[in-house]
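Accompanying notes for the structure given below.
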Amino acid sequence: MQGTESGVETLSMNAVVIGASHAGVNFAFNLRQQGWQGTITVVDSDPELPYHRPPLSKKTLQTTECVPTPLKAEKAYADSNIQLRLGQTVDDIDRENKQIKLAAGDIIGFDKLVIATGCSPFIPPIPGLLSQSKYFAMRTYADVKAIQSALSQSSDKDVVIIGGGYIGLESAASFKSLGANVTVIEKQEKILSRVTSPVMSEFLSTLHINKGISLETTKDVVGVKQRGNKQVVVCGDGTEYLADFILVGVGVRLNTQLAINAGLIVEEGIKVNGVCQTSDPDIFAIGDCTKHFSTVYDRWIRLESVQNAVDQAKGAAQYLTKGVTPAPVVPWFWSDQYEYKLQIVGLSQGYDDLVVRNEDEGQFSVWYFQGERLLCVEAVNHTKSYVLGTQIIKKDLRVNKQLIADTSTPLSKELLV
Amino acid sequence: MAKVIFITQANESVEVEGDSGSLMELAVQNGVYGIDGDCGGVCSCATCHIHLSPEDFDKVGAPAETESDMLELDDNATEYSRLCCQIPVSDEIDGMTFTVAG
């Protein structure tokens, strides 16, 4: 264990973290590893030992005796002297007295507070949806357990997924592997239209249709009715889809109410500086619920990703123990659907040119440019493109676009100009 | 059942044992410092990087294409590097020593 080099005296200090997912847990462990000597308490309303969320829609859902993949072993918390307060909801942040209040009544004082509250699934106010019980979200282990139970109790295994985003599509692939009949209903003309290019959207549409998913786009869900044992999902054009249960994957709501109530600056995310400090210097915020200025993309961004949660956690912990400001980070993401691995580096928003590199069957990458600058690479079953893209974006290098598209030229430094 | 040793960057030796899952999961379960497994074990993050001895590397085998490409992201990669989320825990690795690449 390393000591604190900046001379920050932490022995008598209390660090409190609200939220025990990727961001909160990684922060707690990093803080201890970086030499924090005071107490570390992590509070979360979820009663489970903190677990990986990305596998929920994939491996966890697909495995019958599903168990979550823990982020850290239970004993690791004790070994690092991190106190977990699970199944506890935080009611209030009292900045003046530097304490948080739990719903159960307990009060925990802090010297440094970290808000890592993330997001919750957004459930749209579709008439009939909320009033009947057979709908689920995909955010927690409890969600997956409930979904598996509903699936095992239904003889037809008719599943309707509202929303053709990553969560919806990954879940569709998993349901298919469990023998379900899956319909995905998407409001937009194309799936993932807000986050990816028509090329990638088209590839994923074709993939899911070929795997037997009914993909219904340009469909607005206007109501849900009960008919016998079935839920009927009704669309604006009058079409109806029968379901034994419904999965809702239409986006998230940020869990920023505590921060708003505490008077912190929140603008579609808790605003933080380069070391994840909020408008209160003793309160930090990390992960999905935050908005930070990306020096790589020269704009304020909010990211929903494991990478951002972990990197912000590490950055905040380093700052609190050593006074160090973290280096700029290029975002990255992944998704696994069927036998396809999608790896994304960078952010494609604002691209004005794209180059597709088609490797062998089922292996390709999409390179997004703004002028000559590479913004993002999305690679399908082609990690080489992802890796080279990462190196280019990190160093802000320029590449020869024609050679990127030409698969007779190997992906190497020779593509650089 | 496999009993293996991880040597961390701080030169600490951690002996762990297991009989299923991946070597990354075993390391995380035992709190081996430097093995993070941020992606949960799907070869997407390269945060479970280890170095093997040449002899053990020959026994365990070379990485598959995706894994070997991911290793290029890490400056510490050597010809005996592996991402341990891709190594199953089995009798095959019993007695081996792995160095956390950090």
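Residue numbers (the numbering used here), protein chains in the order written: chain A, 1 to 417; chain B, 1001 to 1102.
Positions of the beta carbon are idealized from the N, C-alpha and C atoms, including for glycine.
Q. Does any residue of chain B bring its CB to less than 7 Å from the CB of Pro127 (chain A)?
A. no
Q: Ignoring anything shorter than 4 residues or poking outside the segment 188–225 of chain A, list the alpha helix (DSSP H) runs there in chain order.
A: 198–210
Q: Flag this pair as yes or no: are the beta carbons of Gly1031 (chain B) and Asp79 (chain A) separated by less than 7 Å?
A: yes
Q: Compute the Euclidean distance between the alpha carbons of Val387 (chain A) and Val330 (chain A), then round it to the nearest angstrom.
A: 12 Å
Q: Kindly list the residues whose CB is nearer than 8 Å to the CB of Thr4 (chain A), restricted to its own chain and excluding five residues on each side of it in sequence; keep chain order.
A: Residue placement at Thr4 (chain A) is flagged as unreliable, the pLDDT there being 45, under the threshold of 50; the coordinate-derived value follows with that caveat. Taken in chain order, the residues that qualify are Thr10, Gln34, Gly35, Trp36, Gln37, Thr321, Lys322.
Q. Fully enclosed by the segment 1056–1098 of chain B, which alpha helix (DSSP H) runs are 4 residues long or longer?
A. 1065–1071
Q: Give, in chain order, every unbroken run of the beta strand (DSSP E) that is at least 3 residues long and sits entirely within the segment 156–184 of chain A.
A: 158–162
Q: Quick one: residues in its chain with C-beta nearer than 6 Å to the C-beta of Leu207 (chain A), no 5 flanking neighbours on either side, listed in chain order?
A: none
Q.
Between B:Leu1023, B:His1049, B:Ser1068, which has its C-alpha nearest Ser1090 (chain B)'s C-alpha?
A. B:Leu1023
Q: Alpha carbon to alpha carbon, how far is Asn261 (chain A) from Ile1035 (chain B)? Give it in angstroms, no decimals.
A: 38 Å
(Q) Rounded to the nearest angstrom, what separates Met1 (chain A) and Gln307 (chain A) at their Cα positions? (A) Unreliable positioning characterises Met1 (chain A) in this predicted model, as indicated by a pLDDT of 40, which lies under 50. A coordinate reading is not provided.
Q) Going straight from the alpha carbon of Thr1008 (chain B) to that of Thr1099 (chain B), what length do you get? A) 6 Å
Q. Does any C-beta atom of chain A lie closer than 7 Å to the C-beta of Gly1040 (chain B)?
A. yes
Q: Evaluate Lys1059 (chain B) with the Cβ neighbour count: other Cβ atoms within 10 Å of its Cβ, from every protein chain shown; 16 or more gives buried, anything less gives exposed.
A: exposed
(Q) Quick check: the Cα distance between Leu151 (chain A) and Gln88 (chain A), rounded to an integer number of angstroms? (A) 29 Å
Q. Does the Cβ of Pro121 (chain A) have 16 or more other Cβ atoms within 10 Å, making it buried, or fewer, making it exposed?
A. buried
Q) Listing by chain order, which chain B residues have their CB less than 7 Å from the CB of Ala116 (chain A)? A) In chain order: nothing, as chain B lies at least about 15 Å away.
Q.
I'd like the ranges of any beta strand (DSSP E) spanning at least 3 consecutive residues and lying wholly in the segment 314–347 of chain A.
A. 332–337, 340–346
Q.
Between the alpha carbons of Lys190 (chain A) and Gly269 (chain A), how many angstroms are there, rounded?
A. 27 Å
(Q) Can you tell me whether His52 (chain A) is helix, strand or coil according to DSSP? (A) coil
Q) Got a sec? Which residues, its chain only, sit under 6 Å from Lys271 (chain A) by beta carbon, not counting five neighbours each side? A) Ile265, Lys291
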